[in-house]
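The numbering of the sequence shown is the numbering used here, which starts it at 221 and goes up by one.
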Amino acid sequence: MENKITIPKPCNQNWNSMIPDKNGKFCNSCNKTVIDFTKMENLEIKNYLLEKKSNQESICGHFKFDQIETENSIKYSNLRNRISRIKIKPIKKVALFSLSLLFTLTSCMGKAALEGEPAVIDNDSINDNEIINKENDTLKHTDSIKSQIIQEKAKK
């Protein structure tokens, strides 16, 4: 059977404002001694709680965060155990390394790298005449648009 500690109504009193006592500190709010479990080992805590349980006494205690198992800490420890059990054999390591290397070296190669030499462009400049002709063409089109708008306004 698993031992569980439940805290139905956690105390919200400040530990530092309580009065020191021989087993911990005295809480004026609930008039009880709050046992300082931070200085005890897990086995000592377990024995103390079992002794008080047999006497049917309620206990107030002060714990360190890592002494209390939360749902997240249990999940984390289970995950850590599962990961530590994974063993990769040397042959698998070599195979994984080889595949990684192969994919890395071939990932940037396209068709050009596989089919031969890259193409060379002889003329990479634009003729001045081509630019002037393009400008004239665009100016003609804007003039025709202006004339259409003017004609439509004149009709109205």
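Ideal placement from N, C-alpha and C gives every residue a C-beta, glycine not left out. Source: prediction; values computed, not measured.
- [ ] Starting from V314, follow the alpha helix (DSSP H) in both directions and report where the run begins and ends.
- [x] P310 to T326
- [ ] In the DSSP assignment, find the unbroken alpha helix (DSSP H) run with K229 in it and report its ends.
- [x] Unbroken run through K229: none, as it is neither H nor E.
TODO: Report the three-state DSSP secondary structure of K162 (helix, strand or coil).
DONE: Any answer about residue 162 is impossible in this case: the structure gives the chain only from 221 up to 376.
Open item on the list: By the DSSP assignment, the beta strand (DSSP E) with F246 in it spans what residues?
Closed with: G244 to C247
Task: Candidates Q287, I306, M238 and T258: closest to N251 by CA position - done: M238
TODO: Rounded to whole angstroms, what's the CA-CA distance from T258 to G281? Just pull it up for me.
DONE: 9 Å
Task: Reference P240; option with closest CA among T253, K312 and S249 - done: T253
Open item on the list: DSSP has C280 in a bridge; who is on the other side?
Closed with: V254
Task: CA-to-CA distance, A315 to F323, given in whole angstroms - done: When rounded, the distance between both Cα atoms is 12 Å.
Open item on the list: Rounding to the nearest angstrom, what Cα-Cα distance links K307 and K313 in this structure?
Closed with: 10 Å
- [ ] Using alpha carbons as the reference points, say which of I255, F285, K245 and K309 lies closest to K272.
- [x] I255
Task: Contacts around W235, its chain only, beta-carbon distance under 8 Å, and the 5 residues preceding and following it disregarded - done: Short of 8 Å from the beta carbon of W235, and not among the five residues preceding or following it, lie these beta carbons of its own chain, in chain order: K245, V254 and H282.
- [ ] Rounded to whole angstroms, what's the CA-CA distance from M221 to S318? Just pull it up for me.
- [x] Caution is warranted here: a pLDDT of 40 is assigned to M221, below 50, making its placement in the model unreliable, and the coordinate value is therefore given only provisionally. Distance between the alpha carbons of M221 and S318 is about 50 Å.
Open item on the list: Using only the alpha-carbon positions, how far apart do E261 and K284 sit?
Closed with: 11 Å
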